[in-house]
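**Q** Count the sequence shown with our numbering and you get residues 4 to 151, in order. Just passing along the structure, written as structure tokens.
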Amino acid sequence: MEPQLRRLLTGLADQEIKQGHQFAYDSGFLHADDVAELALPSVLCIAQDLAERLGVGGFGYNFRFGPPNPVFPLHAEHSGRDVSVISVAPFVTEVFMGEVMDCRSDLALLFATAARIVDPEFDLASNTNYAVESAPAGASAAPNALER
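In structure tokens:
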């Protein structure tokens, strides 16, 4: 399922980039496939949380911190529960259009939002030694945090 969701995120990011919206991380702009690669674990975490809060249930993922994956230390481990991509995709799309777009000035903000779902005490600066710089020209200025 993850390869299909990664392709979905790549397509959504590509559409936004073609419309002039930029995605940044560490003061540099990202290509659509980079957005998908960096964002997928965070998007899955936020999407599953949203589905659970809406009473739909989870997607069978457990989230934990570990070595960078590829940049952020959030890992999504599927429990083997059989969930179709078609039931997950609407939540992934909603999270992309909301949180990902709100955090496009620095995708570390998206990771921090997901990390606070896993650990409400998580703080980006103290837990990763990464500080969010001011947004590069062309990226959004400030994200909205996921309302819980």
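Each residue gets a CB set at the ideal place from its N, CA and C atoms; glycine is no exception.
Helix, strand or coil, according to DSSP, for Gly101 in the structure here?
**A** Residue 101 sits at position 98 when you count from the first residue of the sequence shown. Of the three classes helix, strand and coil, the one that applies to Gly101 here is helix, per DSSP.
**Q** How far does the alpha helix (DSSP H) with Leu77 in it reach, from first residue to last?
**A** Within the sequence shown, numbered from 1, the residue matching residue 77 stands at position 74. Segment 77–81 is the beta strand (DSSP E) holding Leu77; no alpha helix (DSSP H) there.
**Q** Considering only their Cβ atoms, is the gap separating Phe62 from Val160 smaller than 8 angstroms?
**A** Given a span of 4 to 151 for the chain in the structure shown, any question on residue 160 remains unanswerable.
**Q** Give the C-beta separation of Phe114 and Ser45 to the nearest angstrom, bearing in mind that I take them to be a contact with Cβ-Cβ under 8 angstroms.
**A** As a position in the sequence shown, residue 114 is number 111, starting the count at 1. As a position in the sequence shown, residue 45 is number 42, starting the count at 1. With a Cβ gap of about 5 angstroms, Phe114 and Ser45 count as contacting.
**Q** For Asn72, collect the residues of the same chain with a Cβ closer than 7 angstroms to its Cβ; drop the 5 residues on either side in sequence, then sort them by chain order.
**A** Within the sequence shown, numbered from 1, the residue matching residue 72 stands at position 69. The answer, listed in chain order, is Pro44, His78.
**Q** Apart from the five residues on each side of it in sequence, which residues of its chain come closer than 6 angstroms, Cβ to Cβ, to Phe32?
**A** Walking along the sequence shown from the start, residue 32 turns up at place 29. Once the five neighbours on either side are set aside, the close Cβ partners of Phe32 are Gln25.
**Q** How many angstroms separate the CA atom of Val74 from the CA atom of Glu5?
**A** Along the sequence shown, read from residue 1 onward, the residue named residue 74 stands at position 71. Along the sequence shown, read from residue 1 onward, the residue named residue 5 stands at position 2. Using only the alpha carbons, I get a separation of about 17 angstroms.
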